[in-house]
Amino acid sequence: MRVVALIPAFNEADTIVQTLTAVAGLQLVDEIVVIDDGSQDATFVLASGCSLSKQVTVLQLGANQGKGAALNYGRHKVKGDVYLLIDADLGSTAGLAGALLEPVVRDQADMTIAHFGAVQSSSSAKMGFGIARHAASLGVKLLTGHEVVSPLSGQRAIKTQVLQAVGDFFAGFGVEVALTVGALHYGFRLSEIPLAMKHRALGRGPKGLWHRGRQFIQVLRALWHCWRKGWHL
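Every number in my numbering is 114 more than the matching position in the sequence shown, counting from 1.
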């Protein structure tokens, strides 16, 4: 069983090397694929220059196209039986992702989702208010009848059969919620796993509020996309 880690990255020069080093330490991972999504910093150069124990393929998009497009590009370029989705800002905590892979590789689940703890921020900045997450959870429940605590978590292990059933990743910040609804609609087994991962928080100032506002809109778009595809009760 070939396991490929997909790491979409946009302006993640501060954390990309640490994240890659942590993922390279996962025994079950065969290849790491970084998709540089039009970064304007040194993300591509740093990722390309990493010398690690695992094969690292670094792909580059000419312009920022969004997380879903970056994941699609990486998935279609490098084939695997299982894909591990990892955000580039996890740093050393990306090494905890082995717990996501084990149930999938052992055929105990078709997709696993990391459920972050109460302390998610890797800095002193505060996380958001949870509005987008609550909206996503409610949307998943209404469409599928299933309760999912972390529908927006980007840290997942997925069998390729799931992706073949649901099709390409949805564009934008709604990629995870659409993937969750699609997988449940087709009857795949999902498991949420508590992990003490941490990532960058944007705080509760104008930048953070702008980001979360865009995320909320993208979640609504993803839910509407699922409804239109017939992924509902």
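Beta carbons: idealized from backbone N, C-alpha and C, even for Gly. Keep in mind the model is a prediction, meaning the values are calculated, not measured.
Tell me the DSSP bridge mates of residue i?
i	result
H229	P308
A183	A183 is not bridged to any residue.
H248	DSSP, once it has assigned bridges, lists no residue as partnering H248.
Where do the N-terminal and C-terminal ends of the beta strand (DSSP E) with residue i fall, by residue?
i	result
Q174	Q169 to L175
P122	V117 to A123
I149	E145 to D151
Take residue i as the anchor and find which of the options has the nearest alpha-carbon.
i	options	result
R220	D195, H339 and A292	D195
A336	G301, A285 and Q154	A285
G163	L140, Y187, H190 and A127	A127
A297	V147, K193 and F283	F283
A249	R314, G212 and F330	F330
V254	D201, V117, N186 and H339	H339
T133	G180, V143, I121 and D144	I121
In or out: residue i buried (at least 16 other Cβ within 10 Å) or exposed?
i	result
I245	exposed
A271	buried
K193	exposed
V233	A caution first: V233 carries a pLDDT of 47, below 50, which makes its placement in the model unreliable, though a value can still be read off. By the neighbour-count rule (16 or more Cβ atoms within 10 Å), V233 is not buried but exposed.
G259	exposed
V117	buried
Considering just the uninterrupted stretch of the alpha helix (DSSP H) at residue i, what are its terminal residues?
i	result
R270	Where R270 is concerned, there is no enclosing alpha helix (DSSP H), although the beta strand (DSSP E) it sits in stretches over R270 to K273.
L198	Taken as a continuous stretch (DSSP letters only), L198 belongs to no alpha helix (DSSP H), being part of the beta strand (DSSP E) at V196 to L199.
P217	G212 to V219
Q141	Note, Q141: premise wrong, no alpha helix (DSSP H); not H, not E.
For the stretch 211-220 against the stretch 301-311, do three or more pairs of beta-carbon atoms, one drawn from each stretch, fall closer than 8 Å, so that the two count as touching? yes
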